[in-house]
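First the structure, in the form of structure tokens, and then the observations on it.
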Amino acid sequence: MANENPPPVRTSFAEFFEAWEAQHRVYLDKLLAHENDPDEDSLRHLVEQVLGHYQEYYREKSKAAELDVFIMFSPPWFSSFERTLLWVAGFKPSVAFQLVKETVGGELDEEQKGRIAAVREDTRRMEREIVRAMANVQESVAAPPLCGWLKRGDAGRFLVDGEADEMEGAVEKLKAAMAEVMRDADCLRQRTAGEVLEVLSPAQKVRFLAGTSEFWLRSRRLGMERDHEQRS
1 MANENPPPVR TSFAEFFEAW EAQHRVYLDK LLAHENDPDE DSLRHLVEQV LGHYQEYYRE
61 KSKAAELDVF IMFSPPWFSS FERTLLWVAG FKPSVAFQLV KETVGGELDE EQKGRIAAVR
121 EDTRRMEREI VRAMANVQES VAAPPLCGWL KRGDAGRFLV DGEADEMEGA VEKLKAAMAE
181 VMRDADCLRQ RTAGEVLEVL SPAQKVRFLA GTSEFWLRSR RLGMERDHEQ RS
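Per the UniProt record's numbering, the sequence shown starts with residue 1, numbered consecutively.
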């Protein structure tokens, strides 16, 4: 039996993402339906389900990045509008604090506000570290041997005297560096969300997660509609 080649990341992750998005909409409906549920055990269970859903996304994203990290920084399964919102292959972690303000800001007591402020300060510090790391990766493209290869009129199609091996090594090094920065950014996204949720009550967690989901899905719908209009 002939071996079948696995589908490219562009196809395989896009298919996963389509199914993941559909399930995400189901969870949003559940979150909205339970916003005023007084049963805290029920709310905690729902929050655990939603967080597990996000964890599944990050696991699959990490696997896909091992095969093609470049595509994760400009994913074709996102609309052009969504891609303009990306910060190191995802939403900027500090977006969470604006969503906290909009969804449960008026309900927080002074202790909660202080804890959220501490998380915000820590998150922004780590964001700056990731930005510096990403800048270093980008600057490496302008250094030998990649810079010389990209400046050549033949676009490097005729590599000689070991240049092919050197170029392959340089590209692999670039991929590894980009993957590391993306992992750090994804870890910060998850860490920030987790620390914010630790501060909130079960009911507040549900409202925050619902608001987060609505923000993303509305951005996605707007982007898809704009792309459709431009193609028409």
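Heads up, the beta-carbon is just placed ideally off N, CA and C, and yes, glycines get one too. Please read all numbers here as calculations on a predicted model, not as lab measurements.
- prompt: Rounded to a whole number of angstroms, what is the C-alpha to C-alpha distance between L67 and P202?
  reply: 38 Å
field: Extent of the continuous alpha helix (DSSP H) run through G114
entry: E110 to S140
message: Taking the beta carbon of V26 as the centre, do at least 16 other beta carbons fall within 10 Å, making it buried, or is it exposed?
response: exposed
- request: Go to A210, then tell me how far its alpha helix (DSSP H) extends in each direction, as first and last residue.
  value: P202 to R231
- prompt: Quick one: what's got a C-beta closer than 8 Å to N3's C-beta in the same chain, skipping five residues either side?
  reply: At N3 the pLDDT is 49, less than 50, meaning the model places this residue with poor confidence; the figure from the coordinates comes in the next sentence. Closer than 8 Å at Cβ, skipping near neighbours: no residue.
- prompt: Can the beta-carbon of L222 be found less than 8 Å from the beta-carbon of F91?
  reply: no
- request: Evaluate contact between the stretch 54-69 and the stretch 7-15, counting only Cβ atoms and requiring at least three cross-stretch pairs below 8 Å.
  value: yes
query: So what's A19 in DSSP terms, helix, strand or just coil?
result: helix
query: Secondary structure at E35, three-state DSSP: helix, strand or coil?
result: coil
query: Counting along the chain, where does the alpha helix (DSSP H) carrying L43 start and finish?
result: E40 to L67
field: Reference K101; option with closest CA among R207, L217 and Q230
entry: R207
query: Between R220 and F78, what straight-line distance do the alpha-carbon atoms span, to the nearest angstrom?
result: 8 Å
message: DSSP three-state label for F70, please.
response: helix
query: Among the residues of its own chain, which have a CB less than 6 Å from the CB of A14, if the five just before and after it don't count?
result: W77
field: 3-residue-minimum beta strand (DSSP E) runs that sit fully inside the stretch 171-195, ordered along the chain
entry: none
query: Below 8 Å, can you find three or more Cβ-Cβ pairs linking the stretch 49-59 to the stretch 17-26?
result: yes
query: Near L188, which residues of its chain fall below 8 Å by C-beta distance, leaving aside the five closest residues on each side in sequence?
result: P93, T123, M126, E127 and I130
message: Under DSSP, the alpha helix (DSSP H) around L99 begins and ends at which residues?
response: V95 to V104
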